[in-house]
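K.L.:
Note that numbering that gives the first Met the number 0 gives residue 154 to position 155 of the sequence shown, counting from 1, and the numbers run on in steps of one.
Note that CB positions come from ideal geometry on N, CA and C, so glycine has one too.
Since the structure is predicted, the reported quantities are computational estimates derived from the model, not experimental observations.
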Amino acid sequence: MVMEGGCACGEVRYRVDADPIFVNNCHCSLCQRQSGAASAVNAFVEVDHLHLLSGDLSEHVVPTGSSKTQVIVRCASCGTAVWSFYPRLGRAGAAIRVGTLDDRSAIRPDAAIFVADRSDWAALPADVPIFEASYKPADILPPDRLARLMALAARAEPLA
């Protein structure tokens, strides 16, 4: 799968040349606050498959629920969050904000997580596994994607 996306002002454009390893629809209170939305949908992919085509980026360090930090990568012009780096995968894996993809319908979440924090009015798809908090990837990912995740985690370095 090849997907392209970009920011709200059009300055940042990127291409992803691999299927996501996994896609989370996170309803945690931090994702709500940091995105300004009811949840954040992130498609995780090896950074080797993410290519910046145009634009300048800025990085912003914010807390995660694990008491560590993530790095949100934004368009330097308009501030749209385009992807993040999370502690578990470091800069080896990028969490692409699905809302920035040109074809957002091409991506479907593998799981809805931290639904204990979701707003009562936020609907959950009937065919997506739902977790009060997080989950074990081995419980829901097919073997090929789990192998990619394990290889990615093995080469991840801590975020600075």
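How many whole angstroms separate the CB atoms of E131 and A121, which I take to be in contact at a CB cut-off of 8 Å?
P.N.:
Residue 131 sits at position 132 when you count from the first residue of the sequence shown. Residue 121 sits at position 122 when you count from the first residue of the sequence shown. Rounded, the Cβ-Cβ distance is 14 Å, inconsistent with contact.
K.L.:
Is V61 closer than 8 Å to A93 when the C-beta atoms are compared?
P.N.:
Residue mapping note: residue 93 aligns to position 94 of the sequence shown, counting from 1. Residue mapping note: residue 61 aligns to position 62 of the sequence shown, counting from 1. No, these two residues do not count as a Cβ contact at 8 Å.
K.L.:
Contact defined as beta carbons within less than 8 Å: I believe V81 pairs with R103. What is the distance between those atoms, to the nearest angstrom?
P.N.:
Position 82 of the sequence shown, counted from the first residue, corresponds to residue 81. Position 104 of the sequence shown, counted from the first residue, corresponds to residue 103. Actually they do not touch by this definition, with Cβ atoms about 13 Å apart.
K.L.:
So, at 7 Å on beta carbons, what are the nonlocal neighbours of R73 in its own chain, with the 5 sequence-adjacent residues on each side left out?
P.N.:
Here residue 73 is taken as the residue at index 74 of the sequence shown, counted from 1. Result list for R73: L56, S57, H59, T79, A80, V81, in chain order.
K.L.:
Name the residue from P108, G5, C77, I112 whose alpha carbon lies nearest to the alpha carbon of P19.
P.N.:
Counting from 1 along the sequence shown, the entry for residue 19 is found at position 20. Nearest option by C-alpha distance: P108.
K.L.:
Could you pull the DSSP bridge partners for G98 from this structure?
P.N.:
In the sequence shown, the residue the question calls residue 98 occupies position 99. Beta-bridge pairing links G98 to no other residue.
K.L.:
Where M149 and L140 are concerned, what is the direct C-alpha to C-alpha distance, given to the nearest angstrom?
P.N.:
Your numbering for residue 149 matches position 150 in the sequence shown. Your numbering for residue 140 matches position 141 in the sequence shown. In a straight line, the C-alpha of M149 is about 11 Å away from that of L140.
K.L.:
Expressed to the nearest angstrom, what Euclidean distance is found between the alpha-carbon atoms of C6 and S76?
P.N.:
Within the sequence shown, residue 6 is the residue found at index 7, counting from 1. Within the sequence shown, residue 76 is the residue found at index 77, counting from 1. Spanning the two alpha carbons is a distance of roughly 9 Å.
K.L.:
State the start and end residues of the unbroken alpha helix (DSSP H) segment that holds M0.
P.N.:
The residue given as residue 0 occupies position 1 in the sequence shown. Annotation for M0: no alpha helix (DSSP H) segment contains it, and DSSP assigns it neither H nor E.
K.L.:
Go ahead and label R32 buried or exposed: buried means 16 or more other beta carbons lie within 10 angstroms of its beta carbon, across all protein chains shown.
P.N.:
Counted from its first residue, the sequence shown places residue 32 at position 33. So R32 ends up on the exposed side.
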